[in-house]
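The numbering used here puts the first residue of the first sequence at 27, with every later residue one more than the last.
All residues carry an ideal CB built from backbone N, CA and C; glycine is no exception.
First up is the structure itself, then whatever we jot down about it.
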Amino acid sequence: MQYWLMKSEADVYSIEQLQADRRTMWDGVRNYQARNNMQAMKKGDLVLYYHSRQDPSAVVGLARVVNEAYPDPTQFDRDHKYFDEKASVESPRWYLVDIEFVRQFQHPVSLHDIKADAALSEMVLVNNSRLSVQPVRESEFMHVLRLAGEPALK
DNA sequence: GCCAACGTTGGC
DNA sequence: GCCAACGTTGGC
C-alpha cells in the first residue's frame, strides 16, 4: 500500500463533487512528474485530497485509487481543452487513474498547520508546492489523519 | 489579483 | 545543450 496526495482547486473539482460523483477520472494532468506518480499508483492506494487556492488551502478528505493508470482520453480530443497534438493513441503522452470518494474530514488540515508541524517538514507539499500529484510517506499520512481527528483506517 | 517559483519550449 | 521567454500554479 502506498499513499499519495492529489490537489484540486475547490472551485474546479471539490471533494463535495467527488462525493456526489462517487468516482472520477483524474484527467488533465499535464506535468511529467505528476504523471509518473499516477503511473506508480496501485489499486487500493489511499490519497489525501487537497484543496488548493482556497482560504485556507487544506487536506479536506480521503480518496482511493480504483483503476490504475491508463491513457487520458482528453489528450486525443481535438475539441477538448486538454488536447495534446503531440500525443497519439499509438503513443500516448498522458495517463490518469480513477479515484473514488472515501471520506470528508470534519476538520480539514490546513497548509498552515502542516507547515507548523515538525513531523511533516519533509512532505512534498511543503517542499515542492507546485506538484499536483505527489507521494506521501505512511508516517505522514497517519499524522495528517491524527491532526484531522480522524479515526485510523482499518 | 499579484507575483514568485517552477516547468516547458524553442532559437541559437 | 544552453538559456531566455513564456505559461502555469498556487500561496498570500
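- In this structure, DSSP gives K112 a state outside helix and strand, which the three-state scheme calls coil.
- Our two residues, H77 and S117, have alpha carbons roughly 32 Å apart in a direct line.
- Annotation: V92 to D124 spans about 6 Å, alpha carbon to alpha carbon.
- Assignment of M51 by DSSP, reduced to helix, strand and coil, places it in the strand class.
- I41 is a Cβ neighbour of Q130, given a cutoff of 7 Å.
- Sequence-distant Cβ neighbours of L146 in its own chain, meaning closer than 8 Å and more than five residues away, are I140, V152, E166, H169 and V170.
- Per DSSP, E126 is one residue of the beta strand (DSSP E) stretching across Y121 to S136.
- Annotated three-state conformation of M32 is strand, per DSSP.
- Inter-residue distance for R172 and D110 is about 41 Å (C-alpha atoms, whole angstroms).
- Under the DSSP assignment, R61 falls in the alpha helix (DSSP H) whose first and last residues are Y58 to Q65.
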